[in-house]
Amino acid sequence: MSIEVKTDGVPAGYTIKGARSGELCPVIVREFTSSEDGDLFISRLEGLPSELIGLLPSENRIFCSMVDNLLAIIRRDRTATLYVNELAIRLGIRAKRAIQAGQAILDDDIADIEDFGFVGVEIPLDAGIVVLFSQGWRKGLYYDLGSLHGEVATSRDYDLGRMLAQHYAYLGFQHLFKITDEEWAELLAHQWFPFISLRQSTIKDMIGKVRSGLVLLR
């Protein structure tokens, strides 16, 4: 169920640095952060997402610690539509093998995530958005408020579904995205790349051995 709320003003983003009255103050209007970013991620959550949750009617109020996913569609007229723990996520994946309709799939069946959306929701191109999603204990936050500012409304000029898919994949496949150049060199030296056909547990074990200085055997 969606909930309509009224914001105190049009959200601008997050300041990069402080400024005195009258000074130029740069503002971030589009960004992705995740639980991998530590204090930066917490500071972002304590900003706009917390403010939006605070606008919920008392009968719909929820503790921030209970939020698994959130979508806010924000408009220039200072209204917003909120979905909190309400929506099913739809992914467009590139499969490693042939898959039948209705068949359950596992992480090991996914070669890549290429599209991300919420079932039953269309996000207008000229709306600001705040998206919070979870994978297990990990969380990711993406916001884009750029279309809310300027004398004339503007539309997003990129594929939002593909952008969110990249961030969702980053969250779910941390063991791959955190491989350093030195670790890649070690894997390549032992001819363990590409390893798209390997199970995720096998890949994690290989990376763990490289980081522990153990010998990789084919």
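Letter 144 of the sequence shown, counting from 1, is numbered 153 in the numbering used here, and no numbers are missing. Built from N, CA and C at the ideal position, the CB exists for glycine as well.
Check                                                                                                                                                                           : Outcome
DSSP three-state label for residue 21, please.                                                                                                                                  : coil
What residue ranges within the stretch 67-110 form continuous beta strand (DSSP E) runs of no fewer than 3 residues, ordered along the chain?                                   : 79-83, 88-93 and 98-104
For residue 43, which residues from the same chain have a beta carbon less than 8 angstroms from its beta carbon, with the 5 sequence-adjacent residues on both sides left out? : 50, 147, 148, 149, 150, 176, 179 and 180
Taking residue 59 as part of the alpha helix (DSSP H), name the residues at either end of that continuous run.                                                                  : 57-63
Under the assumption that residue 137 contacts residue 156 (Cβ atoms under 8 angstroms), give the Cβ distance between them as a whole number of angstroms.                      : 6 angstroms
How big is the Cα-Cα spacing for residue 39 and residue 22?                                                                                                                     : 8 angstroms
Can you tell me whether residue 138 sits near the ligand SAH, meaning its C-beta is under 6 angstroms from at least one heavy atom of the ligand?                               : Absence of the ligand SAH is noted for the structure shown, with no ligands found whatsoever.
Is the Cβ-Cβ distance between residue 10 and residue 131 less than 7 angstroms?                                                                                                 : no
Under the DSSP definition of a beta bridge, which residues are partnered with residue 229?                                                                                      : Any question about residue 229 goes unanswered here, given that the chain covers just 10 to 227.
Name the DSSP beta bridge partners of residue 116, please?                                                                                                                      : None; residue 116 has no bridge partner.
With distances taken Cα to Cα, identify the nearest neighbour of residue 89 among 63, 197 and 173.                                                                              : 63
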